[in-house]
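**Q** If you scroll down you'll find the structure; I have some questions about it.
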Amino acid sequence: MPSSSTNTSSDAPSSSGPIRSPGWLRRVATGAGLLLIWIFLSGKLDAFHLSAGVMAAALAVWLDSRLPLLESAEKFKRLRPWRWVIYFVWLLGQMLVSAVYVAKVILWRRDLLNPRLVRFRCVQPDLIATTTLANSITLTPGTLTISVEDDCYLVHALSERTAEDLLSGEMQARVARIFVDGPVPEVVELPVEEGTTS
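Numbering (the working numbering), first residue to last: 66 to 263.
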């Protein structure tokens, strides 16, 4: 009698097995892009800085090829680039508006300073969206992401206005729309646990 268990191990892909490395064209394009970013940020075109940039880009590409793919990597590849562009432009605007507000509070309206911790739950589509939201909060002046655990974000807010803007859910909704269509995730404020303020 043939065994029915012979097909289970050979057909099922192993999650811990080696991952197919990206093609050489993609590696070259990634390395070239990283090198351009290096040149733009350093502003130096001498031999030392260019060679350092080439080595840094090559190391980053090599490390990327050795790392396992995220569970949401395939979804990330299928994203429409224009959604990222729209969100990036919006985020730059928020960073500018928040920077002006924070400068005004610190220089002229110190009475508005009311730093506090804000904790909320917001279920984003995947890990990349969660990371995007946490970094976006930190990049916006007046708020700083302290930790993210089980879809719960702990954020330091400079004033009541920055806390209210964070809890309004606009940024959370815009991040989610980069990745999926449909209803936006709900933002639920949670009590700050004892010991987190110390």
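Backbone N, C-alpha and C define an ideal beta-carbon position, used for all residues, glycine too.
#1: Look at the Cβ atom of F153, then the Cβ atom of P190, and state whether they are nearer than 8 angstroms.
#2: What are the boundary residues of the alpha helix (DSSP H) that L99 is part of?
#3: Can you grab the Cα-Cα spacing for the pair L115 / P180, in whole Å?
#4: Quick one: grab the DSSP three-state call for E235.
#5: Entirely within the region 183-261 and at least 3 residues each: give me those beta strand (DSSP E) ranges in chain order.
#6: According to the neighbour-count rule (16 or more other Cβ atoms, all chains shown, within 10 Å of its Cβ), is L172 buried or exposed?
#7: In three-state DSSP terms, what is L177?
#8: If I measure Cβ to Cβ from P252 and keep anything under 7 angstroms in the same chain, skipping five residues before and after, which residues do I get?
**A** Short version:
#1: Taking 8 angstroms as the cut-off, the Cβ atoms of F153 and P190 do not count as close.
#2: Segment 89-107, the alpha helix (DSSP H) holding L99.
#3: Looking at the two C-alpha atoms, the distance is approximately 43 angstroms.
#4: The DSSP-derived three-state label of E235 is helix.
#5: Listed in chain order, the complete beta strand (DSSP E) runs (minimum 3 residues) inside the region 183-261 are 208-214, 217-224, 253-255.
#6: It is exposed - the Cβ of L172 has fewer than 16 other Cβ atoms within 10 Å.
#7: Reduced to three states, the DSSP call for L177 is helix.
#8: Here the sequence assigns Val to residue 252, which means Pro is not the residue at that position. Once the five neighbours on either side are set aside, the close Cβ partners of V252 are F185, C187, L232, G234, Q237.
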